[in-house]
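Trainee: Structure provided below as structure tokens; questions to follow.
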Amino acid sequence: MKAYVYRELGQETLDLVDMERPDPGAGEVLIRVYCVGVNPVDWKAKDGLFEGMIPYHFPAVPGWDAAGVIEAAGEGVADFRPGDEVFVYGRLPTVGINGTYAEYTCLPADLVARKPTALSWAEAAGVPLVALTAWQALVDLAEVRDGQTVIVPAAAGGVGSFAVQIARHLGARVIASCSKENMDYVRSLGADEVIDYREGLESLPQGEADCLLGTLTPDRLVDYLGAMKPGAIVVTLAGDEGLVAAGPSGLRVERLYVESNGQQLATIAGLISEGRIVPLPVTVMPFEKANEALAISRKGHGRGKLILEVVPGTADKTHA
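Numbering (the numbering used here), first residue to last: 691 to 1010.
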């Protein structure tokens, strides 16, 4: 099979190589990858983000998001069979093993969920990591409830777009920030108030918010802390330096490390199928342009998701 790899941390570009196709072991499924979701963590891992935290396996295949079809199921797998259309956030304990920048990936079946039938392969590949991040931040850590107020910075991005929708689903009032050109898009997701982060943060209501989703670095999150109630929670994805000292009394700061979770992904798939959550707009690039896609991801500030089409002609189709 074809797969992208990096052989050492800090390698500038990925190499496209031939690798042996993996075989599913007990409890695993082999997925024929149709489309891959590109995430900033893909290039951050290559740069050494996890060095000293969790092990790497070289040559490392990047990528954790994918949508595709079950090719084979290992012993003991009862919930999936060949031909099932699925999507997955497949982060394993070792970085680089069975990544999704490949024609096939082999993963534990309990990380996998059935693809929402109405989504294209590209749309489905753009869901898992960002949706699970928003879900685990708001549902698991912040325990957002009906009537609370949630602030979502960077609301036009992948995590932010799902966070706005999930917070609304939970019954929260949502205050979102984004660039001026993305304000209408964020309103369409259900945000109650949308603020231009370049000009309007001073208009944030002071002392009213119960939860702040920390999609930004701590030095930028500080600008939002005046809006938090005493005892509010910040769920941060990018560090927590100085936030407690700068916030109101009793501010709780929780760092989120997103876990693969097939059951939660199935719940999200159900909400998508019911029309309660919409997928992100996607920009599709051919598999051969993975390095260009990572370079674009590095620049940031985009709306929606970058997708690599592994099987040509599948990105906009909804079924195999």
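Just so it is clear, CB atoms sit at the ideal spot from N, CA and C, and this is done for glycine as well.
In this text, all values refer to a predicted model and were calculated from it rather than measured experimentally.
Determine the direct distance from the alpha carbon of tyrosine 791 to that of methionine 873, and round the result to whole angstroms.
Mentor: 32 Å
Trainee: I'd like to know whether the C-beta atoms of glutamate 813 and valine 972 end up nearer to each other than 8 Å.
Mentor: yes
Trainee: If you draw a straight line from the C-alpha of tyrosine 724 to the C-alpha of alanine 750, how long is it?
Mentor: 20 Å
Trainee: Going by DSSP, which residues form a beta bridge with leucine 720?
Mentor: Listed as beta-bridge partners of leucine 720 by DSSP are Ala762, Cys796.
Trainee: Tell me the rounded alpha-carbon separation between alanine 935 and valine 912.
Mentor: 10 Å
Trainee: Assuming valine 726 and isoleucine 760 form a contact by the criterion Cβ under 8 Å, report the distance between their Cβ atoms to the nearest whole angstrom.
Mentor: The beta carbons of valine 726 and isoleucine 760 sit about 17 Å from each other, so the pair does not count as a contact at 8 Å.
Trainee: Can you tell me where the alpha helix (DSSP H) with isoleucine 841 in it begins and where it stops?
Mentor: Looking at the DSSP string, isoleucine 841 is not in any alpha helix (DSSP H); the run it does join, the beta strand (DSSP E), is 839-842.
Trainee: Can you tell which of Gly753, Ser939, Thr807, Phe770 has the C-alpha that lies nearest to the C-alpha of threonine 784?
Mentor: Gly753
Trainee: Mind checking whether glycine 952 and valine 802 have CB atoms under 8 Å apart?
Mentor: yes
Trainee: Specify the secondary structure class of proline 976 as computed by DSSP and reduced to three states.
Mentor: strand
Trainee: Evaluate contact between the segment 772-783 and the segment 961-969, counting only Cβ atoms and requiring at least three cross-stretch pairs below 8 Å.
Mentor: no
Trainee: For tyrosine 696, which residues of its own chain have a beta-carbon under 6 Å away from its beta-carbon, when the five flanking residues on both sides are left out?
Mentor: Leu704, Lys736, Ala750
Trainee: Residue ranges of each beta strand (DSSP E) run of no fewer than 3 residues wholly in the segment 910-967, ordered along the chain?
Mentor: Those beta strand (DSSP E) runs which fall completely within the segment 910-967 and span 3+ residues are 918-926, 942-945.
Trainee: Relative to the C-alpha of glutamate 710, which candidate in Ala693, Phe777, Glu698 has its C-alpha closest?
Mentor: Ala693
Trainee: If you draw a straight line from the C-alpha of leucine 822 to the C-alpha of proline 843, how long is it?
Mentor: 17 Å
Trainee: Among Pro712, Val707, Asp713, Gly850, which residue has its Cα nearest to the Cα of valine 968?
Mentor: Gly850
Trainee: Nearest-angstrom Cα distance between alanine 768 and glutamine 838?
Mentor: 40 Å
Trainee: Could you check whether alanine 853 and alanine 824 sit closer than 8 Å to each other, using their CB atoms as the reference points?
Mentor: yes
Trainee: Look up alanine 866 in the DSSP assignment and give the residues it is bridged to.
Mentor: Val842, Val884
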